[in-house]
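Input: a single structure, listed below in C-alpha coordinates.
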Amino acid sequence: EVYGGVDAKPQLLDLARGMDLVTATPGRLTDFIDRGVITMSNVGFLVLDEADRMLDMGFEPQIREIVQKRDMPSSREGRMTLMFSATFPKEIQKLAQAFMRNYIWIGVGRVGGAVDTVEQSFMVVSERGKFEALT
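Residue numbers (the numbering used here): 1127 to 1261.
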(Lines of atoms letter the chains of each structure in order from A and count residues from 1; the text may use other names and numbers.)
(Lines give C-alpha, C1' and ligand atoms only; values in the text may rest on other atoms or scores of the structure.)
Protein backbone atom coordinates (compact mmCIF):
# COMPACT_ATOMS: atom_id res chain seq x y z
CA GLU A 1 0.00 0.00 0.00
CA VAL A 2 1.26 3.42 -0.99
CA TYR A 3 -0.53 6.38 0.59
CA GLY A 4 0.24 9.76 2.05
CA GLY A 5 -0.13 11.09 5.55
CA VAL A 6 2.28 8.55 7.02
CA ASP A 7 6.03 7.99 7.02
CA ALA A 8 7.13 6.92 3.52
CA LYS A 9 10.11 4.83 4.67
CA PRO A 10 8.21 1.56 5.41
CA GLN A 11 6.45 1.88 2.07
CA LEU A 12 9.77 2.43 0.30
CA LEU A 13 11.22 -0.68 1.96
CA ASP A 14 8.22 -2.76 0.84
CA LEU A 15 8.57 -1.50 -2.74
CA ALA A 16 12.31 -2.26 -2.72
CA ARG A 17 11.46 -5.94 -2.12
CA GLY A 18 9.46 -5.97 -5.36
CA MET A 19 5.73 -5.92 -5.94
CA ASP A 20 3.29 -7.57 -8.32
CA LEU A 21 0.38 -5.48 -7.06
CA VAL A 22 0.43 -1.94 -5.69
CA THR A 23 -2.54 -0.03 -4.29
CA ALA A 24 -1.87 3.67 -4.13
CA THR A 25 -3.28 7.13 -3.64
CA PRO A 26 -2.45 9.55 -6.47
CA GLY A 27 -0.34 11.97 -4.40
CA ARG A 28 2.04 9.47 -2.85
CA LEU A 29 2.29 7.51 -6.10
CA THR A 30 3.27 10.68 -7.99
CA ASP A 31 5.84 11.44 -5.29
CA PHE A 32 7.41 7.99 -5.66
CA ILE A 33 7.40 8.22 -9.47
CA ASP A 34 9.10 11.64 -9.28
CA ARG A 35 11.75 10.23 -6.92
CA GLY A 36 12.43 7.36 -9.34
CA VAL A 37 11.31 4.81 -6.74
CA ILE A 38 8.62 3.25 -8.90
CA THR A 39 7.91 3.11 -12.61
CA MET A 40 4.63 2.64 -14.42
CA SER A 41 6.24 1.03 -17.48
CA ASN A 42 5.12 -2.51 -16.61
CA VAL A 43 1.54 -1.76 -15.58
CA GLY A 44 -0.72 -4.36 -17.14
CA PHE A 45 -3.89 -3.56 -15.20
CA LEU A 46 -5.05 -0.19 -13.89
CA VAL A 47 -7.97 -0.30 -11.46
CA LEU A 48 -9.67 2.93 -10.43
CA ASP A 49 -12.04 2.18 -7.58
CA GLU A 50 -14.49 4.79 -6.32
CA ALA A 51 -13.79 6.85 -9.45
CA ASP A 52 -16.67 9.21 -8.69
CA ARG A 53 -15.23 9.95 -5.24
CA MET A 54 -11.77 10.58 -6.71
CA LEU A 55 -13.30 13.23 -8.96
CA ASP A 56 -15.23 14.74 -6.05
CA MET A 57 -11.99 14.98 -4.08
CA GLY A 58 -10.17 16.72 -6.95
CA PHE A 59 -7.80 13.91 -7.92
CA GLU A 60 -8.56 13.94 -11.66
CA PRO A 61 -5.52 16.06 -12.66
CA GLN A 62 -3.16 13.77 -10.71
CA ILE A 63 -4.73 10.63 -12.17
CA ARG A 64 -4.51 12.02 -15.70
CA GLU A 65 -0.84 12.94 -15.07
CA ILE A 66 -0.01 9.40 -13.92
CA VAL A 67 -1.94 7.61 -16.67
CA GLN A 68 -1.32 9.86 -19.66
CA LYS A 69 1.98 11.68 -19.09
CA ARG A 70 4.18 9.13 -17.35
CA ASP A 71 5.62 5.89 -18.67
CA MET A 72 2.45 3.83 -18.17
CA PRO A 73 1.51 1.79 -21.26
CA SER A 74 -1.63 3.02 -23.00
CA SER A 75 -4.74 0.95 -23.55
CA ARG A 76 -3.63 0.61 -27.18
CA GLU A 77 -0.38 -0.91 -25.92
CA GLY A 78 -2.30 -3.54 -23.98
CA ARG A 79 -2.99 -1.99 -20.59
CA MET A 80 -6.36 -3.08 -19.25
CA THR A 81 -8.30 -0.49 -17.26
CA LEU A 82 -11.17 -1.18 -14.88
CA MET A 83 -13.16 1.62 -13.28
CA PHE A 84 -15.63 1.15 -10.46
CA SER A 85 -18.05 3.85 -9.43
CA ALA A 86 -21.28 4.00 -7.47
CA THR A 87 -22.49 6.52 -10.02
CA PHE A 88 -21.45 7.10 -13.59
CA PRO A 89 -21.84 10.85 -14.22
CA LYS A 90 -20.64 12.57 -17.41
CA GLU A 91 -17.24 13.36 -15.83
CA ILE A 92 -16.62 9.66 -15.16
CA GLN A 93 -17.73 8.79 -18.69
CA LYS A 94 -15.19 11.29 -20.09
CA LEU A 95 -12.47 9.78 -17.90
CA ALA A 96 -13.42 6.31 -19.10
CA GLN A 97 -13.22 7.41 -22.73
CA ALA A 98 -9.78 8.93 -22.11
CA PHE A 99 -8.34 5.89 -20.33
CA MET A 100 -10.05 3.02 -22.12
CA ARG A 101 -10.46 1.66 -25.60
CA ASN A 102 -14.09 0.75 -26.37
CA TYR A 103 -15.21 0.97 -22.76
CA ILE A 104 -18.25 -0.97 -21.60
CA TRP A 105 -20.52 0.24 -18.82
CA ILE A 106 -22.18 -2.45 -16.73
CA GLY A 107 -24.89 -1.24 -14.40
CA VAL A 108 -25.88 -3.28 -11.38
CA GLY A 109 -29.12 -2.47 -9.63
CA ARG A 110 -30.85 0.88 -9.75
CA VAL A 111 -28.58 3.90 -10.06
CA GLY A 112 -28.79 5.91 -6.86
CA GLY A 113 -30.68 3.28 -4.95
CA ALA A 114 -29.91 0.34 -2.74
CA VAL A 115 -30.18 -3.19 -4.06
CA ASP A 116 -33.30 -4.77 -2.62
CA THR A 117 -31.43 -7.95 -1.65
CA VAL A 118 -29.28 -6.01 0.82
CA GLU A 119 -30.73 -5.18 4.19
CA GLN A 120 -29.59 -1.84 5.55
CA SER A 121 -29.95 -0.94 9.19
CA PHE A 122 -28.65 1.71 11.53
CA MET A 123 -27.71 1.00 15.13
CA VAL A 124 -26.56 3.43 17.79
CA VAL A 125 -24.07 1.73 20.11
CA SER A 126 -21.46 2.81 22.61
CA GLU A 127 -17.75 2.40 21.88
CA ARG A 128 -17.67 -0.67 24.14
CA GLY A 129 -20.77 -2.19 22.56
CA LYS A 130 -19.54 -2.24 18.94
CA PHE A 131 -18.14 -5.77 18.91
CA GLU A 132 -21.25 -7.22 20.56
CA ALA A 133 -23.54 -5.35 18.18
CA LEU A 134 -21.71 -6.78 15.15
CA THR A 135 -21.85 -10.40 16.32
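Don't be surprised by glycine CBs; every beta carbon is placed ideally from N, CA and C.
Residue j beta carbon less than 8 Å from that of residue i
i       : j       : result
THR1165 : TYR1129 : no
MET1180 : ILE1192 : no
SER1262 : ARG1227 : Outside the modelled stretch of the chain, which goes from 1127 to 1261, sits residue 1262, for which no answer is possible.
GLU1186 : LEU1221 : yes
THR1149 : GLU1127 : yes
VAL1163 : LEU1138 : yes
Residue i, DSSP secondary structure in three states
i       : result
VAL1193 : helix
PHE1171 : strand
LEU1208 : strand
ALA1150 : strand
Residue of the options minimising C-alpha distance to residue i
i       : options                            : result
SER1252 : LEU1147, LEU1260, THR1149          : LEU1260
GLU1217 : MET1183, ASP1178, THR1156, GLY1255 : ASP1178
PHE1158 : LEU1141, GLU1245, MET1145          : LEU1141
ASP1133 : GLY1162, ARG1154, MET1145, GLY1144 : ARG1154
GLY1233 : PHE1214, THR1243, VAL1244, GLN1246 : PHE1214
GLN1196 : GLY1184, MET1183, TYR1229, ARG1161 : In the sequence under discussion, the amino acid at residue 1196 is Arg, which differs from the Gln named in the question. Closest by alpha carbon: ARG1161.
GLN1219 : LEU1174, THR1243, PHE1248, MET1198 : LEU1174
VAL1199 : THR1243, MET1249, PHE1225          : What sits at residue 1199 in the sequence shown is Pro, not Val. Looking at the Cα atoms, PHE1225 is the closest of the given residues.
Could you say if the region 1198-1211 and the region 1154-1174 meet the contact criterion of at least three C-beta pairs nearer than 8 Å? yes
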